[in-house]
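Heads up, the thing below is written out as structure tokens.
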Amino acid sequence: MWKFSFILLITIGSLVKAHAYERSDAFIVRVFEKRIKVLAPKKYSDQKTSVIIENKTLVKGIFELTRKSGKRIKYISVNPGKFKAVELNLLNKRETFYFVPVSPPFQKVELVPGSRPYEIPPKG
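Residues in the sequence shown are numbered consecutively from 3, following the working numbering.
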């Protein structure tokens, strides 16, 4: 009987793992040659949040973080294969931020808390 219980426990555990997805306490933005992948926090905590930018390209990246209003928060440059972390002050818990790649140029990416990992452009 205990063998059956053990096998059942292993089977259920593997099913739960199959539906898990990546999660972070900060925004993690990974910039690749032809796409950008974003891991988002479950929700904003306190009055600050962080954005970690990983440059997975072969060239120096210049990026900009902006508010929904278009107001620039910060310019960031990241060398190839490196990363930088930026702390953002929140005006409210529903605030929207955008990640804008300046060089190499790419479309701006909305940073959405509580979402599953997403890519721009999406895989498909």
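Beta carbons: idealized from backbone N, C-alpha and C, even for Gly.
- prompt: Under three-state DSSP, which class holds N94?
  reply: Here N94 sits in coil by DSSP.
message: Can you tell me where the beta strand (DSSP E) holding H57 begins and where it ends?
response: The sequence shown places Asn at residue 57, rather than the His named in the question. Start and end: 50-57.
message: By alpha-carbon positions, which one of T59, L67, N57, K39 ends up nearest to T51?
response: When each option's Cα is compared against that of T51, the closest is L67.
- prompt: Do the segment 112-119 and the segment 80-89 meet, that is, are 3 or more Cβ pairs less than 8 Å apart?
  reply: The segment 112-119, when compared against the segment 80-89, does not touch it at the 8 Å Cβ threshold.
- prompt: Cα-Cα, which of T98, P106, E56, P107 is closest to I75?
  reply: The option with the nearest alpha carbon to I75 is T98.
field: Alpha-carbon to alpha-carbon, A28 and D48
entry: Within the model, the alpha-carbon separation for D48 versus A28 is close to 12 Å.
task: Enumerate in chain order the residues of its own chain whose CB-to-CB distance from V31 is below 6 Å, with the five nearest sequence positions on each side excluded.
output: Cβ neighbours of V31 beyond the five flanking positions: V40, I55, F101.
task: Take G63 as the anchor and find which of I78, R96, L92, K45 has the nearest alpha-carbon.
output: Its Cα nearest to that of G63, the residue I78 stands out among I78, R96, L92, K45.
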